[in-house]
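Novice: Heads up: the sequence shown begins at 2 in the working numbering, then just goes up one per residue.
Don't be surprised by glycine CBs; every beta carbon is placed ideally from N, CA and C.
Keep in mind it's a predicted model, so treat the numbers as computed, not measured.
One structure, as C-alpha cells, below. Some questions next.
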Amino acid sequence: MLDIKNLTVTFNDGRPGMAVRGIDLHMEAGDTLGLVGESGSGKTVTAHTIAGLIERDNATVSGEVFFDGRDLLKCTDEEMRLLQGKDIGVIFQEPMTSLDPLMKIGHQIEETLKLHCKFTAEERRNMALEVMKLVGLPTPDLTYKKYPHQLSGGQRQRAMIAAAFITHPKLLILDEPTTALDVTVQAQIIDLLKRLNEKCGVSLLFISHDLRVIKRVCKRVAVMYNGEIVEQGETEQVFSDPQHEYTKELISAVTARRKANV
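Here it is as C-alpha cells:
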C-alpha cells in the first residue's frame, strides 16, 4: 500500500543539512507502523511529505513515495487534494490548533464529506453521528452542536479522529496524537485506534517519541535519528534486542524513567 524509496527532504530556508536522508519504508494494508525518534529526527517531516503537507516551494524532495501504486511526489496539488482526507487522513497532537473554534463539532466532522462525496446534508449529519458514536463521543446528538471549547481534551481528540475517519481512509497518519493527554485518556485513545485498525482495517502510521505508546499500538517500528532510519523491524524484537546504539539509548531512557517513578 505504502512504499517509500530513498526519500530525501532538504528545506530551502537556510536550515542546515537534510531533514530526511534517503529513507526506505514499507506498509501493507492494515499495517501498524511506529516512527520514533527525538525532536528533529525527521519523523514529522516524513509524515508530512507522505500527506502532501510540505510546501513544495520551501523544500527539495527526491525519491519515491508510492501509495496504492501512485508516486505521490509526482502528483499535482489538485491530485493530492483528492487524496487528502479521503484516502489519507492526518491527526495532529493538539486538536485545538486543528479545529475551528467558531464552527460546531458536527460540521467540522462532516467537512471532508463535503469536499469528496456527494451526500445530502441529512446524509452527512447521519454519517457524522455514526462515526461520533464509533469513536466514543458522548451523546452524539448534543456533541454535534457543541463548539471545541465545550469539549474536554480527550473529546476533542476523538472528534479529530472522527473527522479523519469519516471517509474510511486507507491510511491514518498520527503525529503525537496522545502526547497532550493525561495517562487515562491516553490509554482510551490508544484502545480506540487499535480497535479502528483491527475492526475496520485502516493502516496506522504512528509518529511518537514515546516508546511505551508505540509498543502498545504498533506491530512494527522504525527508529529515526538525524534524518535517517537507523533500525526497523517487528516492535517486540526491536525493543527486546535493539541493534543500533541510538535505539539502545532510547530504551534505556524509558527503563530509567520507569524505575524513577516506582
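Could you compute how far the alpha carbon of K195 sits from the alpha carbon of I215?
Specialist: Along the sequence shown, one-based indexing puts residue 195 at 194. Along the sequence shown, one-based indexing puts residue 215 at 214. One C-alpha to the other measures close to 11 Å.
Novice: Between the C-alpha atoms of P170 and T256, what's the straight-line distance to the nearest angstrom?
Specialist: As a working mapping, residue 170 is identified with position 169 in the sequence shown. As a working mapping, residue 256 is identified with position 255 in the sequence shown. If you take the alpha carbons of P170 and T256, they lie about 36 Å apart.
Novice: Report whether the distance from the Cβ of G53 to the nearest heavy atom of the ligand HEM is below 7 Å.
Specialist: The ligand content of the structure shown is nil, which means the ligand HEM is not present either.
Novice: Do you know how far the Cα of Q156 is from the Cα of C219?
Specialist: Looking up residue 219 in the sequence shown gives position 218. Looking up residue 156 in the sequence shown gives position 155. If I take the Cα positions, the gap works out to 23 Å.
Novice: Answer yes or no: do L36 and T47 have a C-beta to C-beta separation smaller than 8 Å?
Specialist: Taking the first residue of the sequence shown as 1, we reach residue 36 at position 35. Taking the first residue of the sequence shown as 1, we reach residue 47 at position 46. The answer is yes: Cβ separation under 8 Å.
Novice: In chain order, what residues of the same chain have a beta carbon less than 8 Å from the beta carbon of L193, not counting five sequence neighbours either side?
Specialist: Start at 1 with the first residue of the sequence shown, and residue 193 comes out as number 192. So the qualifying residues of the chain are V136, G137, R159, I162.
Novice: Bridge partners for G1 per DSSP, in chain order?
Specialist: Outside the modelled stretch of the chain, which goes from 2 to 263, sits residue 1, for which no answer is possible.
Novice: Please tell me whether Y148 and L130 are closer than 8 Å, where the distance is taken between their beta carbons.
Specialist: Against the sequence shown, residue 148 aligns to sequence position 147. Against the sequence shown, residue 130 aligns to sequence position 129. No, they are not a contact pair.
Novice: With a threshold of 8 Å between beta carbons, is D72 in contact with chain C?
Specialist: Among the protein chains of the structure shown there is no chain C, as only one such chain exists.
Novice: Can you find the residues in the same chain that come closer than 7 Å, C-beta to C-beta, to G86, ignoring five residues on each side of it along the sequence?
Specialist: The count along the sequence shown starts at 1 and reaches residue 86 at position 85. Correct list, in chain order: T113, L116, H117, T168.
Novice: Would DSSP call A60 helix, strand or coil?
Specialist: Here residue 60 refers to the residue found at position 59 of the sequence shown. Strand, per DSSP.
Novice: Could you check if V184 is buried or exposed, using at least 16 other CB atoms within 10 Å of its CB as the buried criterion?
Specialist: Your numbering for residue 184 matches position 183 in the sequence shown. Exposed is the call here.
Novice: Would A165 be called buried (16 or more neighbouring beta carbons within 10 Å of its own) or exposed?
Specialist: On the sequence shown, residue 165 is found 164 positions in, with the first residue counted as 1. A165 comes out buried.
Novice: Give the list of continuous alpha helix (DSSP H) stretches no shorter than 4 residues that lie fully inside the segment 191 to 231.
Specialist: Runs of the alpha helix (DSSP H) inside the segment 191 to 231: 212 to 218.
Novice: Assess, as a yes-or-no matter, whether the segment 195 to 215 is touched by the segment 172 to 184 under the definition of 3 or more beta carbon pairs within less than 8 Å.
Specialist: Output reads yes: the segment 195 to 215 touches the segment 172 to 184.
Novice: Indicate the three-state DSSP secondary structure (helix, strand or coil) for L130 in the structure shown.
Specialist: In the sequence shown, counting from the first residue as 1, residue 130 sits at position 129. Helix.
Novice: In whole angstroms, what is the alpha-carbon distance linking L152 and I106?
Specialist: Stepping through the sequence shown from its first residue, residue 152 is reached at position 151. Stepping through the sequence shown from its first residue, residue 106 is reached at position 105. About 9 Å.
Novice: Whole-angstrom Cβ separation of N198 and T33, contact assumed at under 8 Å?
Specialist: Within the sequence shown, numbered from 1, the residue matching residue 198 stands at position 197. Within the sequence shown, numbered from 1, the residue matching residue 33 stands at position 32. Confirmed, Cβ separation roughly 6 Å.
Novice: Rounded to a whole number of angstroms, what is the C-alpha to C-alpha distance between V66 and L26?
Specialist: Indexing the sequence shown from 1 puts residue 66 at position 65. Indexing the sequence shown from 1 puts residue 26 at position 25. Looking at the two C-alpha atoms, the distance is approximately 9 Å.
Novice: Count the other C-beta atoms from every protein chain shown that fall within 10 angstroms of the C-beta of P102, then say buried if there are 16 or more, exposed otherwise.
Specialist: Walking along the sequence shown from the start, residue 102 turns up at place 101. The residue in question, P102, is exposed, as its Cβ has fewer than 16 Cβ neighbours within 10 Å.
Novice: Taking only three categories from DSSP, how would you classify D4?
Specialist: In the sequence shown, residue 4 corresponds to position 3, counting from 1. Correct three-state label for D4: strand.
Novice: Locate the alpha helix (DSSP H) running through V239, then write down its first and last residues.
Specialist: In the sequence shown, counting from the first residue as 1, residue 239 sits at position 238. Run containing V239: 236 to 241, per the alpha helix (DSSP H) assignment.
Novice: Out of curiosity, what's the CA-to-CA distance linking G90 and T50?
Specialist: Here residue 90 refers to the residue found at position 89 when the sequence shown is read from its first residue. Here residue 50 refers to the residue found at position 49 when the sequence shown is read from its first residue. So the alpha carbons of these two residues sit roughly 13 Å apart.
Novice: First and last residue of the alpha helix (DSSP H) that includes M81?
Specialist: Along the sequence shown, one-based indexing puts residue 81 at 80. 78 to 84 is the span of the alpha helix (DSSP H), which, as asked, contains M81.
Novice: Just list the residues that DSSP pairs D72 with in beta bridges.
Specialist: Working through the sequence shown from its first residue, we reach residue 72 at position 71. Answer is F67, bridged to D72.
Novice: For R71, is the classification buried or exposed, using 16 other Cβ atoms within 10 angstroms of its Cβ as the cut-off for buried?
Specialist: Taking the sequence shown and counting its residues from 1, the one referred to as residue 71 is at position 70. So R71 counts as exposed.
Novice: For the alpha helix (DSSP H) that V46 lies in, which residues bound it at each end?
Specialist: Locating residue 46 in the sequence shown gives position 45, counting from the first residue. Element bounds for V46: 44 to 52.
Novice: Rounded to whole angstroms, what's the CA-CA distance from P139 to Q189? Just pull it up for me.
Specialist: For the purposes of this step, residue 139 is identified with residue 138 of the sequence shown, where counting begins at 1. For the purposes of this step, residue 189 is identified with residue 188 of the sequence shown, where counting begins at 1. Using only the alpha carbons, I get a separation of about 14 Å.
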